[in-house]
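Protein chains: 2
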Amino acid sequence: MTLNSADPAFADRLRDVLDPKAFREVSPHYLDEPRGTWSGHAGLVVAPADVAAVSAVMKAAHEARVPVVPYGGGTGLVGGQIMPDGPAPLLLSLERMTAIRTADPVENVMVAEAGAILSDIHAAAEKVDRLFPLSLAAKGSARIGGNLATNAGGVNVLRYGNARDLCLGLEVVLADGRVLNGLSRLRKDNTGYDLRNLMIGSEGTLGVITAAALKLSPRPVGTAVAYAAVPDPAAGLALLSLARDRVGEGVSAFELISGQSLAFLEEKLPQLRRPFDPAPEWMVLIELGLPAGLEPQAAMESIIEEAWERELVADAVLAQNETQAEQFWEVREQIPEANRLIGSVSSHDISLPLSNLPAFIDRASQMVMGMGPFRINCFGHLGDGNLHYNVFPPQGGDLAEWRSHTGEVKRAVHDLVHEMEGSVSAEHGIGRLKTGDLERYGDPVKLEMMRAIKAAFDPHGILNPGAVLKG
Amino acid sequence: MTLNSADPAFADRLRDVLDPKAFREVSPHYLDEPRGTWSGHAGLVVAPADVAAVSAVMKAAHEARVPVVPYGGGTGLVGGQIMPDGPAPLLLSLERMTAIRTADPVENVMVAEAGAILSDIHAAAEKVDRLFPLSLAAKGSARIGGNLATNAGGVNVLRYGNARDLCLGLEVVLADGRVLNGLSRLRKDNTGYDLRNLMIGSEGTLGVITAAALKLSPRPVGTAVAYAAVPDPAAGLALLSLARDRVGEGVSAFELISGQSLAFLEEKLPQLRRPFDPAPEWMVLIELGLPAGLEPQAAMESIIEEAWERELVADAVLAQNETQAEQFWEVREQIPEANRLIGSVSSHDISLPLSNLPAFIDRASQMVMGMGPFRINCFGHLGDGNLHYNVFPPQGGDLAEWRSHTGEVKRAVHDLVHEMEGSVSAEHGIGRLKTGDLERYGDPVKLEMMRAIKAAFDPHGILNPGAVLKG
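So the protein lines, in turn, are chains A and B. Mapping of the first sequence onto the UniProt record's numbering: position 252 corresponds to residue 252, and the numbering continues sequentially without gaps. Mapping of the second sequence onto the UniProt record's numbering: position 143 corresponds to residue 143, and the numbering continues sequentially without gaps.
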């Protein structure tokens, strides 16, 4: 299908349906991706103020066959928000639609516009003594519409699920401007096909999310945070089982961190207080969030004690207060930034069936080390089976030189993941970075049905062309 | 589209691809629905033994344009499994695909074939000290494929979600026999559009579910069950908030039951031990399931005590042992059977935003009583906002006579639900009973997109024709 650039004539056409404030400068921050790996282009950036304006923009783009890239906080890691070539797209930013319309502690429901920033949503939930549990490193700039479009994960998936599990309803503008009114606050609604979940995770290729009804949770009454050094990832999983046997859903987060993670933090962000010095080879960050009647600090101590006796834990530090708990989390959350500053040869956001996970880490290490003297930073959401398995040049090595290995390393890691029944995109999505992987590893029948759905929802192929499905 | 009956010539064709045991007698139990309201027909009933055989059947049906009704346990309440007219369909029963392939307590995953009976799945989970939380009155005959196809709800949705939330992956045979291999055991997998959730709740109109990977949960260490008489449904909701503030996710179930429910049980199933005599106008059944370290009985007592002080509870009985807890649940689970024995003028499976729920009950009662001397049995899953709002003839009234009011009552109740932002099918689905409601109350854009998806997945319209979407 031939698409046309968002040229000045098209911009003029939009002036009839948009207020002047909607027209934004095409500045670099719309076009660069967070890791600085590559840049996109755009003919025009607009930020409509409401759903009617989004609908008018899409209608015009549909008629003029102009590609549209829906844009949230720009924090995506797989290039879903970056169109590198082809006709210059219209970049449709949700940045002006940031209202949090309601936050109801009785219904445990919040209704927010797509451009609301994740940390603002956290604050609004806290104001009514509730929790919106989706949390990730980019929470200060990520927008909820993008979080939903990519089915974001983060550190609380273990307990509360991913973005998909936290959404009750969506308002979505379709490719041709029609508005799907699905902003339901209902917990149960079995009236027809599940279009909400079809939109969630479709990365802006089936529609533009403009508002969402979100599930809120009770805030745990007491929390405890600890770092535990574990002999290996299998011990980490055993520790997780132990913790869950003790406190059930009370395990809010369970993150695996490698010694290499701390070494990178020491090198690039030395001001951060690291939990262990020297760093153990493997450690886990545990957060408990418990109801009234249970002492979280005591529960954590008792879990660690039993783990110690079973030789699942070699050393541990418990946060003694709120500030220290925040410092513990800061260490975890700054790992991606340290990685960025080091510069990776290849990064992998992968998941595995839990019982295959320890064997994967062993096999992958041997394999990657066999390919060169790489440094591996393996960390992530252990309880979800989701690893960020990132490969870096040797100490003092020149990244530019080692980048020639990127393709080979990526392919080998992804082949192994696939062989071990895992996924090559656990939480970041396909974007434009992994369309080849989806074709290589995805079920062919699934791909056929995805193409059929795309054709039905966006017959001219204007929505985020080249993302998820190759053009 | 013209479809052809599953006639003897088509049966002969299937003999090439199916073993002789797959051919079943077209007996009445395949054709009657649980409430006995109407019957279906079928030209042929087959029960394939594996996914390859299901695929071969669908391929043949697709080529011959023969309608196919996928059939699980036959417990659906909206006629999704009953085709009353048109060309005689092939009824495709999953009754021979009952294997539970794995139940892994480390991964917390079970893989089961679609024909596995829900209570067998419960037992298999219990064997590995885990919980599969989906539970409903028909658990002894409902099959998991049907539970997923209808996105079944039940009594534990409050804590664990509905069928959708308990499924990690699906194997599905499409209309033309292609097999969608999505039997993933992964907790996180963002590789492409969410076809799993599109299939879940599509009621056999987009594909035939043949196997599923299911999420297991830790078994709560201690449970407590109580009945509390509450002054009104609003007090019930306040009691739920109180309980959740105390024990968080530990509230496993919270069911509203009306005095009318107990009166019907007394009339039709007098051998059941009722919790209160005389029956209060409203009561709730509460189940707590708590981790180690918390005494569930003490937690329940303390919740009830505070509720008593706040005048949210007028009377309460706590189950003193396992047997009594089962008796308490038996009362709840036999309500649909008592209703069936009385015979309703109109039954409604509805949901409302929680904050509209008490007002709905008041307004609906006034409205229905204004239409005649009906008896109303309102009960259901209060925490989910899901009511079973059922209308019966007056004491001693002749059902046949009062059934002339069915259309009028149903319409009035559904109109009110819609006005109050609720759903006219909370957990039972659309089936064939509510296709008119879906057209009347559903978002027109949603309906358009549903039709587009149906056309893409089943171009000849052979899969469960007339269910969900009118032909």
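Backbone N, C-alpha and C fix where the C-beta goes; we use that ideal spot for every residue, glycine too.
Three-state secondary structure assigned by DSSP to residue i
{"i": "Tyr160(A)", "result": "helix"}
{"i": "Glu287(A)", "result": "strand"}
{"i": "Ile209(A)", "result": "strand"}
{"i": "Pro48(A)", "result": "coil"}
{"i": "Thr102(B)", "result": "strand"}
{"i": "Pro296(B)", "result": "helix"}
{"i": "Asn181(B)", "result": "strand"}
{"i": "Val261(A)", "result": "For the record, residue 261(A) in the displayed sequence is Ser; it is not Val. Reduced to three states, the DSSP call for Ser261(A) is helix."}
{"i": "Tyr30(B)", "result": "helix"}
{"i": "Ala116(A)", "result": "coil"}
{"i": "Ser302(B)", "result": "helix"}
{"i": "Ser355(A)", "result": "helix"}
{"i": "Ser202(A)", "result": "coil"}
{"i": "Leu186(A)", "result": "coil"}
{"i": "Pro463(B)", "result": "The displayed chain sequence assigns Leu, not Pro, to residue 463(B). If DSSP states are grouped into helix, strand and coil, Leu463(B) belongs with the strands."}
{"i": "residue 477(A)", "result": "Any property of residue 477(A) remains undetermined from this structure, which presents chain A solely from 1 to 471."}
{"i": "Met367(B)", "result": "helix"}
{"i": "Asp362(A)", "result": "helix"}
{"i": "Pro336(B)", "result": "helix"}
{"i": "Leu14(B)", "result": "helix"}
{"i": "Lys268(B)", "result": "helix"}
{"i": "Pro393(A)", "result": "coil"}
{"i": "Leu3(B)", "result": "coil"}
{"i": "Glu311(B)", "result": "coil"}
{"i": "Ile342(B)", "result": "helix"}
Bridge-paired residues (DSSP) for residue i
{"i": "Phe379(B)", "result": "His388(B)"}
{"i": "Pro8(A)", "result": "Looking at the DSSP assignment, Pro8(A) forms no beta bridge with any residue, so it has no partner."}
{"i": "Gly154(B)", "result": "Ser135(B)"}
{"i": "Met449(B)", "result": "Answer by DSSP bridge pairing: none, since Met449(B) is not bridged."}
{"i": "Pro218(B)", "result": "Arg130(B)"}
{"i": "Phe276(B)", "result": "None, per the DSSP bridge assignment."}
{"i": "Phe254(B)", "result": "Ile286(B)"}
{"i": "Phe23(A)", "result": "Val46(A)"}
{"i": "Val225(B)", "result": "Glu287(B)"}
Extent of the continuous beta strand (DSSP E) run through residue i
{"i": "Pro373(A)", "result": "Pro373(A) -> no beta strand (DSSP E), and no H or E assigned at all."}
{"i": "His348(B)", "result": "Ser346 to Ser351"}
{"i": "Arg411(A)", "result": "Premise fails: Arg411(A) lies in the alpha helix (DSSP H), Thr406 to Glu419, not in any beta strand (DSSP E)."}
{"i": "Met110(A)", "result": "Val109 to Glu113"}
{"i": "Ala400(A)", "result": "Here Ala400(A) belongs to no beta strand (DSSP E); instead the alpha helix (DSSP H) covers Leu399 to Trp402."}
{"i": "Leu318(A)", "result": "Asp315 to Leu318"}
8 Å contact criterion, which residue i and residue j should meet: CB distance rounded
{"i": "Pro353(B)", "j": "Glu421(B)", "result": "6 Å"}
{"i": "Leu44(B)", "j": "Val26(B)", "result": "7 Å"}
{"i": "Glu427(A)", "j": "Lys188(B)", "result": "5 Å"}
{"i": "Cys462(A)", "j": "Pro67(A)", "result": "As written in the sequence, residue 462(A) is Ile, which differs from the Cys given in the question. Right, their Cβ atoms sit about 5 Å apart."}
{"i": "Gly72(B)", "j": "Ala149(B)", "result": "7 Å"}
{"i": "Phe276(A)", "j": "Asn339(A)", "result": "The pair is not a contact, with the Cβ atoms about 19 Å apart (cut-off 8 Å)."}
{"i": "Leu186(B)", "j": "Leu214(B)", "result": "Their Cβ separation, rounded to whole angstroms, is 13 Å, which puts Leu186(B) and Leu214(B) out of contact at 8 Å."}
Range of the contiguous alpha helix (DSSP H) that encloses residue i
{"i": "Gly146(A)", "result": "Ile144 to Ala149"}
{"i": "Arg440(B)", "result": "Thr435 to Tyr441"}
{"i": "Phe328(A)", "result": "Glu322 to Glu333"}
{"i": "Leu170(A)", "result": "Not the alpha helix (DSSP H): Leu170(A) falls in the beta strand (DSSP E), residues Cys167 to Val173."}
{"i": "Ala234(A)", "result": "Pro233 to Val247"}
{"i": "Leu195(A)", "result": "Leu195 to Met199"}
* Output the residue ranges of the alpha helix (DSSP H) runs that lie fully inside the stretch 34–95 of chain B and measure 4 residues or longer, sorted by chain position. => 51–64
* Between the stretch 91–117 of chain A and chain E, which residues of the former have a C-beta closer than 9 Å to a C-beta of the latter? -> Absence of chain E from the displayed structure is noted, the protein chains being A and B.
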